[in-house]
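Enquirer:
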Amino acid sequence: MEGVQWKRQVHAQNGTTLIETFSYLTKEGALLDTLRQKLLKADVKFQEVDFIDIFNRIYDTENSNHFTEFVYFVSTFINLNLTALIMRNLMN
């Protein structure tokens, strides 16, 4: 809980917006819908983006470590969602 309080304090001090999500939302399959609603409430504007353009921007950076971290992040996200889906199906 200390980490959460620290993040809230940092955003309050800097006048920035903190959008909070929680791991249980992933387990319940509600993360993306919840995040979308919170972003809309914070007046974030959505626009279509080209996946290839995003991929190229990340991959073409001088520091390929960013790309490696991005791949790890996406892999973790997919694995967590697949695990949640499998667990939900096993319980039904």
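Note that the numbering used here has the sequence shown beginning at -7, numbered continuously upward. No residue lacks a Cβ here, since even glycine has one placed at the ideal position from N, Cα and C.
Reducing DSSP to helix, strand and coil, say where Ala34 ends up.
Expert: Translated into the one-based positions of the sequence shown, residue 34 becomes position 42. Ala34 falls in the coil class under three-state DSSP.
Enquirer: With DSSP run on the structure shown, which of helix, strand or coil describes Leu74?
Expert: As a first step, residue 74 must be located in the sequence shown, where it is residue number 82. Leu74: helix per DSSP, three-state reduction.
Enquirer: Within 10 angstroms of its Cβ, does Ala76 collect 16 or more other Cβ (buried), or is it exposed?
Expert: Taking the sequence shown and counting its residues from 1, one reaches residue 76 at position 84. Answer is buried; the Cβ neighbour count reaches 16.
Enquirer: Given a threshold of 16 other Cβ atoms within 10 Å of its Cβ, counted over all protein chains shown, does Leu74 qualify as buried or as exposed?
Expert: The residue given as residue 74 occupies position 82 in the sequence shown. With fewer than 16 other Cβ atoms within 10 Å, it is exposed.
Enquirer: Using only the alpha-carbon positions, how far apart do Val2 and Thr9 sit?
Expert: Residue 2 sits at position 10 when you count from the first residue of the sequence shown. Residue 9 sits at position 17 when you count from the first residue of the sequence shown. Whole-angstrom Cα-Cα distance: 10 Å.
Enquirer: Suppose only complete runs of 3+ residues qualify. What are the beta strand (DSSP E) ranges in the region -1 to 50, listed by chain order?
Expert: DSSP runs (the beta strand (DSSP E)) wholly in the region -1 to 50: none.
Enquirer: Is it buried or exposed, Leu23, if we count other Cβ atoms within 10 angstroms and call 16 or more buried?
Expert: Position 31 of the sequence shown, counted from the start, is the residue given in the question as residue 23. Buried.
Enquirer: Using the C-alpha atoms, what's the distance from Gly7 back to Asp35?
Expert: Taking the sequence shown and counting its residues from 1, the one referred to as residue 35 is at position 43. Taking the sequence shown and counting its residues from 1, the one referred to as residue 7 is at position 15. Distance between the alpha carbons of Asp35 and Gly7 is about 16 Å.
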